[in-house]
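Report on the following structure.
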Amino acid sequence: MNIPASAFRERTVTTADGLSLYVRDYGDPKSTATPVLCLSGLTRNSRDFHAFATRLAPQRRVLAMDYRGRGKSAYDPVVTNYRPDVYANDAITVAADSGIERVVLVGTSLGGIVTMVLAALKPGFMTGAVLNDIGPEIPAEAAARIGSYTGVKVQVASMDDAVKSVKERYASAYPGLPDARWRAIAEDVFTRDPDGTFRPAYDLGIAKAFAETGRPAAADMWPLFLALKDIPVLAIRGALSDVLTAETFDKMQAAKADLMRVTVPDRGHIPLLDEPECLAAFDTFFRRV
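Numbers given in my numbering equal positions in the sequence shown, counted from 1, plus 12.
Dropping the structure here:
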């Protein structure tokens, strides 16, 4: 996706253990509205949130960070550091470095897990949260599907080949998606190496950490979800998702009566956040927070 540099400010933040994290900073830092911090999925990065951030930036500041091992952030030589509690502490570091004490968190997939961890780890840090296609239960089959392609080396000769690769992997999640949107996803997901070839923009060591530290399907995340009980939460589900099932979505509503929910038709894991259903929900939700 061709993005004008003027749309955001680029910064790096150093973690407690010395890694450099890349951050995109949108909007007016002096805005009185609570800032938003965006957290991406397992193998994704800050680019996923560009359209979302530019739409919200006239009203409030928006930060989008690359986790360690993703995008333009440094890769961690200790792969077992690729886990939600470390990402949560990195998010706190990014916020502090940005002069931010409280945030609205927007978490997609893994980012939603990190959001729930932060609710338990640092009460009072967030004034609201958006959980994009993630909940406190993940079917083992869905976790296995994600694990089956995470860490698999993909190196292609052209961006056209990258688009083809993305289509093959995610076709069932996005029926009827226009070709231009597929290309935009590929440009967000892939990076160009010095030799001119393209590969997914993340450290393949993430897959080893995913296997060694335990898959989220095996964890009891209900206590983490319940840590969100006192703040506004918008939960988004793709109608075709295998990661956030309709049954779990209903259980989340039962556990948190004030949960705001939206289901996005013709989307699996994950909704892209530019769907009309998402945009309408954002307009309502961000007026609340």
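Glycine residues also receive a C-beta, built at the ideal position from the N, C-alpha and C atoms.
Quick caveat, the model's predicted, so the values are computed rather than measured.
Quick check on residue i: does DSSP put it in helix, strand or coil?
| i | result |
| --- | --- |
| M77 | strand |
| G119 | strand |
| M128 | helix |
| P187 | coil |
| R181 | helix |
| Y94 | coil |
| Y87 | coil |
| R82 | strand |
| L68 | helix |
| T296 | helix |
| T257 | coil |
| V175 | helix |
| S160 | helix |
| G280 | coil |
| N57 | coil |
| D262 | helix |
| F20 | coil |
| E153 | helix |
| I243 | coil |
| E289 | helix |
| K268 | coil |
| A219 | helix |
Residues in the same chain with beta-carbon distance under 6 Å from residue i, minus the five sequence neighbours each way, listed in chain order, please.
| i | result |
| --- | --- |
| R300 | P244 |
| R36 | F20, S58, A76 |
| A292 | none |
| G147 | L256, T260, M264 |
| F64 | L285 |
| E22 | none |
Which residue or residues does DSSP assign as beta-bridge partners of residue i?
| i | result |
| --- | --- |
| I248 | N144, V274 |
| L312 | Outside the shown range of the chain (13 to 301) lies residue 312, about which nothing can therefore be said. |
| F202 | P212 |
| L236 | None; L236 has no bridge partner. |
| C50 | A76, V118 |
| V106 | Partner(s): none; V106 has no beta bridge. |
| Y38 | V74 |
| V168 | F210 |
| A138 | The identity of residue 138 in the sequence shown is Met, whereas the question assumes Ala. DSSP, once it has assigned bridges, lists V115 as partnering M138. |
Closest to residue i by CA distance: which of the options is it?
| i | options | result |
| --- | --- | --- |
| E149 | A183, K134, M128, V274 | M128 |
| Y99 | L31, V48, Y161 | L31 |
| S43 | F61, L51, L68 | L68 |
| Y79 | A155, A213, A183, R181 | A213 |
| L240 | Y186, R95, F137 | F137 |
| A231 | V274, I125, D207, D40 | I125 |
| K186 | E287, P70, K84 | The residue asked about is misnamed: residue 186 is Tyr in this sequence, not Lys. Closest option to Y186, Cα to Cα, is E287. |
| G53 | N101, A63, R95 | R95 |
| L284 | G208, A198, K268, K263 | A198 |
| L238 | L130, R73, G217, E180 | L130 |
| A267 | L236, I282, D278 | L236 |
| D29 | I218, C290, D88 | D88 |
| N101 | T27, L49, P135 | T27 |
| A219 | K84, N93, N144 | N93 |
| T55 | D295, C290, I282 | I282 |
| R195 | S177, S184, G208, P206 | S177 |
| R193 | K179, A155, V276 | K179 |
For residue i, which residues from the same chain have a beta carbon less than 7 Å from its beta carbon, with the 5 sequence-adjacent residues on both sides left out?
| i | result |
| --- | --- |
| F222 | G159, T162 |
| A86 | L31, S32, R80 |
| V25 | L33, V35, T105, V106, D109 |
| I15 | In this prediction, I15 has a pLDDT of 46, which is less than 50 and means its spatial position is unreliable; what the coordinates show is noted afterwards. H62. |
Between which residues of its own chain and residue i is the CB-CB distance below 8 Å, once the five residues before and five after are set aside?
| i | result |
| --- | --- |
| D172 | none |
| F210 | Q167, V168, A169, S170, M171, D173, A174, F202, T203, R204 |
| T139 | T46, R114, V115, V116, I243, P244, V301 |
| F297 | G140, V142, P244, L246, M272 |
| Q71 | G39, S43, A45, F298 |
| D278 | Y186, P187, G188, A251, L252 |
Could you tell me how far apart the beta carbons of residue i and residue j are, in whole angstroms, since I believe they sit closer than 8 Å?
| i | j | result |
| --- | --- | --- |
| A133 | V106 | The sequence as given places Leu at residue 133; Ala does not occur at that position. So it is not a contact: roughly 15 Å between Cβ atoms. |
| I104 | P47 | Rounded, the Cβ-Cβ distance is 13 Å, inconsistent with contact. |
| G280 | L252 | 4 Å |
| L216 | V118 | The pair is not a contact, with the Cβ atoms about 26 Å apart (cut-off 8 Å). |
| D60 | D200 | 6 Å |
| D97 | S121 | Contact doesn't hold; Cβ gap of about 17 Å is too wide. |
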